[in-house]
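Okay, so here's the structure we're looking at.
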Amino acid sequence: MTDAPHRVDRLWPDPALDLTLDEAMAAFAPSARRVDRPVVAINMVSSIDGRAQLSGSAEGLGSRADRRLMRLYRAAFDAVGSGAGTLRATGVWLRVGDDLAARRMAEGRPPNPTGVVIAGTESVPTDGQWFAGDEPRFLVVGRENPLTDAPPGTELLRAPDERPAPAWVLAQLAQRGVRSFLLEGGPHINASFLEEGLIDEVYWTIGAHLLGTDALTMIAAMPGGSRYADEPRRGRLVSVLRHEDELFLRYRFDAGG
Ligand SMILES: NC(=O)c1ccc[n+]([C@@H]2O[C@H](COP(=O)([O-])OP(=O)(O)OC[C@H]3O[C@@H](n4cnc5c(N)ncnc54)[C@H](OP(=O)(O)O)[C@@H]3O)[C@@H](O)[C@H]2O)c1
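To convert, count from 1 in the sequence shown and add 349; that's my numbering.
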C-alpha cells in the first residue's frame, strides 16, 4: 500500500512550497557513476543532537515521510545494504514497496535492488524476513565467520579478511553488475566505508528531537582514530527538503575532497 502523499517544501535549490515528496524526488538519481567502483551513498536519520538510535533502534527518529523517502532513495540504486549489527538489533528491510517495484520494472530494472548484509566475525541470524524476499541477496562475512551456509536465494560471500574490507565488498558487487550501492547503516559499517574514503554521498534526515543520550552517532568513532580527525572530509550541500519539522539533507563528497 502506498502512503498518502507527504507534503514537503524544497528549500534548496530552486525553492518551491508544498510539493509532494514524490514530486520533489522525481528527478533524483545518485551522483554520477564511477568507472572504478560502484558509487556509494549512506542514508541515515538522527536526532537534532546527532544520535542515530532511540531505545536501540532508528525507529521513532524519522516520520512516515522519511520512511517513504528511504524507499525512494532505494529505488534509485542497484543494491542496498546494512551492517550485521543492524540486522541483529532490529532486522533489516531493504525493499522498495509494490508501487516503486512496478516503476522499476517499467524501466526495465529488477523490482527490488539487490540486498546486501555485511558481517564480520560473529554469527548472523538467518531467519529474518530479509532472507525471504525474491530479490538477489548477498550475505558478506569475514574469513572466520561461523556461518557455513546461507538460506536459499542468498549468496554467501566470504572475505579474505577478518572483517570484509569495504573496497573488497564493492569489488564483489561490481563483478555482479552493481554500479550504485546505498548503505543504510549502521554507524560501525558506515565508519568502515568512511575510513576507506568510500562515501560519495550522504542522505541525512534530521528528526526534530533532542535526546541527550550517548547513543551511537550516524558514523561511529573509528577504532584507533580517524584519518579525518584533523583534516575533515568536506562535503557540498546538494539539496534540502523540509517536511513539517523534519529536514531531508543531501551532501556530496568529491573524490579526495
Ligand atoms: N539512525 C539510523 O538511520 C540507523 C540506521 C541503521 C542502523 N541504526 C541503528 O544502529 C544500530 C546498529 O549499528 P551498529 O553500528 O551496531 O551495527 P552495523 O554498523 O549495522 O553493523 C556492524 C557490524 O558490521 C560488521 N562488519 C563487517 N565489516 C566490518 C568492518 N569493516 N568494520 C566494522 N564492522 C564491520 C561487524 O560484524 P561482526 O559483529 O560480525 O564482526 C559489525 O559488528 C542499531 O541500533 C540500529 O537500529 C540506525
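Note that beta-carbon positions come from the ideal geometry of N, C-alpha and C, so glycine has one too.
The three-state secondary structure of residue 476, taken from DSSP, is coil.
Within the model, the alpha-carbon separation for residue 426 versus residue 531 is close to 6 Å. In the DSSP assignment, residue 553 falls outside any alpha helix (DSSP H) and within the unbroken beta strand (DSSP E) covering 550-555.
Taken in chain order, the whole alpha helix (DSSP H) runs of length 4 or more contained in the region 508-547 are 515-524, 536-544. Residue 573 sits in coil when the DSSP states are folded into three classes, being neither helix nor strand. Residue 435 and residue 441 do touch by the CB rule: their CB atoms are close to 6 Å apart, below 8 Å. DSSP links residue 370 through a beta bridge to no other residue. Rounded to the nearest angstrom, the gap between the Cα atoms of residue 584 and residue 502 is 38 Å. Residue environment analysis places residue 454 among the exposed positions, since fewer than 16 neighbouring C-beta atoms fall within 10 angstroms of its C-beta.
Ranked by Cα distance from residue 382, the options 528, 451, 407 are led by 528.
Taking 3 residues as the shortest admissible run, the region 432-472 contains the following complete beta strand (DSSP E) segments, listed from N- to C-terminal end: 463-467. Counted as a single uninterrupted DSSP element, the stretch harbouring residue 358 is not any alpha helix (DSSP H) but the beta strand (DSSP E) occupying residues 356-361.
In terms of side-chain proximity, the C-beta atom of residue 538 is found nearer than 7 Å to a non-hydrogen atom of ligand 1. For residue 592, the pairing in a beta bridge is given by DSSP as 595. Taking the Cβ atoms as the reference, residue 422 lies roughly 5 Å from residue 392, within the contact range of under 8 Å. Look at residue 419 here: in three-state DSSP terms it is helix. Relative to the non-hydrogen atoms of ligand 1, the Cβ of residue 515 comes within a distance shorter than 7 Å of at least one. In the structure shown, the three-state DSSP call for residue 386 is coil. Around the beta carbon of residue 543, 16 or more other beta carbons lie within 10 angstroms, which makes this residue buried.
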